[in-house]
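Some notes on the structure that comes next.
Chains as they are written, first to last, in the working numbering: chain A, 1 to 293; chain B, 1001 to 1142.
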């Protein structure tokens, strides 16, 4: 009996070894990845994973874009208005615009003149300053909007009428339209940052500082060229010639400015900034040899 | 950030003047300040003292004023001023500086640019004053 049991155990061990070694059994025991893959494919799980990966990538991309957008620099439409106002704010003590003044009705008189000449939907902000250092100027802003500086001491000294002041401001509007000031300030470096993005880079503060310095140069020192003045004077001439009263007011205003710039030491620099009232008067005179620049 | 900027400029919290004293005051709406920076004035005048400086998008409570017992109500004082409350400050703001819908503000559109240009508190105060000083106009087809 003992022998029988031992023999049976031995035979079972041998059989078990044989089963282990059987390649067919081995094959069935191995994981069939291809089969699982097929199951996943049939369950649309694979496409779901791709879809989810895409969604995650989109969200990550959108978040990155959102962060990057925070580093945007305003485009032309907003940048110039911001820069000009920043210049006014940073130079408030020099330009002296923060003071109490009477309402001269300049808004309505300029509106009337613009409408009379056919300039519609023109928006403007006039800032009256209390210094003779800036007589009148149009700072760069967004299209069809003008930021006009006007010196109270200047208009008081000249005793200008509302029409004359409006004509002076119209000249400035034409200069701004021609982009003289903007072109002077807009160096290649400045143009390259307007509407750009500085994500991952240092903010180009020195370019902004340089631009503000150019404002100083233009307003206090450089002004406009003879060519630019000629162009503007001729444009003014064409615009107001049909209305002799207005043309005459313009001419009389230039005479007043010419006299002032020659006689009052406070305004001797005027002819350097706006060269020159005397030349403008010559350009306006009809049929003379000096009528061409 | 800048939106919550509130500078204390004046000494008094409430404006007490002829326009509101002894009158019925009723909150009619919440508007938003739409310019870059601006001021709550003590009186309805662009030259009056500033009680507080605020930046674009700041909510402003606008009040309606009427004489006691009178049916005539108005939100406009001197044709262009609203009686408002901003935080604890009651004063005046130009109605043309307010909008009923939340405005698109430069500070929100270009936050990093705005933070980097180096505007100081004094600059913000002056910027608000600048908006008060403008004589604005627009030519129209009539």
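The C-beta atom is built at its ideal place from N, Cα and C for all residues, glycine as well.
- Message: With a threshold of 8 Å between beta carbons, is residue 73(A) in contact with chain B?
- Response: yes
- Rounded to the nearest angstrom, how far is the Cβ of residue 86(A) from that of residue 1117(B), given a contact under 8 Å? 7 Å
- Query: Under a three-way DSSP split, which group does residue 137(A) fall into?
  - Reply: strand
- Message: Cβ closer than 7 Å: which chain B residues qualify as neighbours of residue 119(A)?
- Response: 1139
- From this set, 1099(B), 1067(B), 1056(B), 1041(B), which residue's C-alpha is nearest residue 1106(B)'s C-alpha? 1056(B)
- Verify whether the separation of the beta carbon atoms of residue 246(A) and residue 122(A) is less than 8 Å. no
- Query: Start and end of the alpha helix (DSSP H) containing residue 250(A)?
  - Reply: 244-263
- Spell out the partners DSSP gives residue 1137(B) in its beta bridges. 124(A)
- Query: If you check the beta carbons only, do residue 1041(B) and residue 1092(B) fall under 8 Å apart?
  - Reply: yes
- Message: Can you tell me where the alpha helix (DSSP H) holding residue 1051(B) begins and where it ends?
- Response: Per DSSP, residue 1051(B) belongs to no alpha helix (DSSP H); it is in the beta strand (DSSP E), 1050-1055.
- Listing by chain order, which chain B residues have their CB less than 8 Å from the CB of residue 107(A)? 1135, 1136, 1137
- Is any beta-carbon of chain A found at less than 8 Å from that of residue 1100(B)? no
- Drop a sphere of 10 angstroms on the beta-carbon of residue 1140(B), count the other beta-carbons inside from all chains shown, and report buried for 16 or more, exposed for fewer. exposed
- Going along chain A, which residues have a C-beta under 7 Å from residue 1142(B)? 115
- Message: Considering just the uninterrupted stretch of the beta strand (DSSP E) at residue 1085(B), what are its terminal residues?
- Response: 1081-1086
- Can you tell me which of the three DSSP states residue 132(A) falls into? coil
- CA-to-CA distance, residue 239(A) to residue 151(A), given in whole angstroms: 24 Å
- Query: With a Cβ-Cβ cutoff of 8 Å, do residue 270(A) and residue 161(A) count as a contact?
  - Reply: no
- Out of curiosity, what's the CA-to-CA distance linking residue 264(A) and residue 251(A)? 20 Å
- For residue 122(A), go through chain B and note every residue whose CB falls closer than 8 Å to its CB, in chain order. 1138, 1139
- Query: Taking 8 Å as the CB-CB limit, is residue 257(A) close to chain B?
  - Reply: no
- To which residues of the same chain is residue 129(A) closer than 8 Å at the C-beta, ignoring the five residues directly before and after it? 95, 96, 97, 149, 150, 151, 152
- Interface positions of the stretch 70-97 of chain A facing chain B (Cβ-Cβ less than 8 Å), listed along the chain: 70, 71, 72, 73, 74, 78, 82, 85, 86, 88, 89, 90, 92, 97
- Take residue 1029(B) and list the residues in its own chain whose beta-carbon comes closer than 7 Å to its own, dropping the five residues that flank it on each side. 1062, 1100
- What's the call for residue 61(A), buried or exposed, on a 16-neighbour Cβ count within 10 Å? exposed
- Secondary structure at residue 1043(B), three-state DSSP: helix, strand or coil? coil
- Message: Against residue 208(A), what residues of chain B qualify as contacts under a CB-to-CB distance less than 7 Å, listed in chain order?
- Response: 1117
- For residue 180(A), the nearest candidate out of 206(A), 228(A), 189(A), 170(A) (CA to CA): 228(A)
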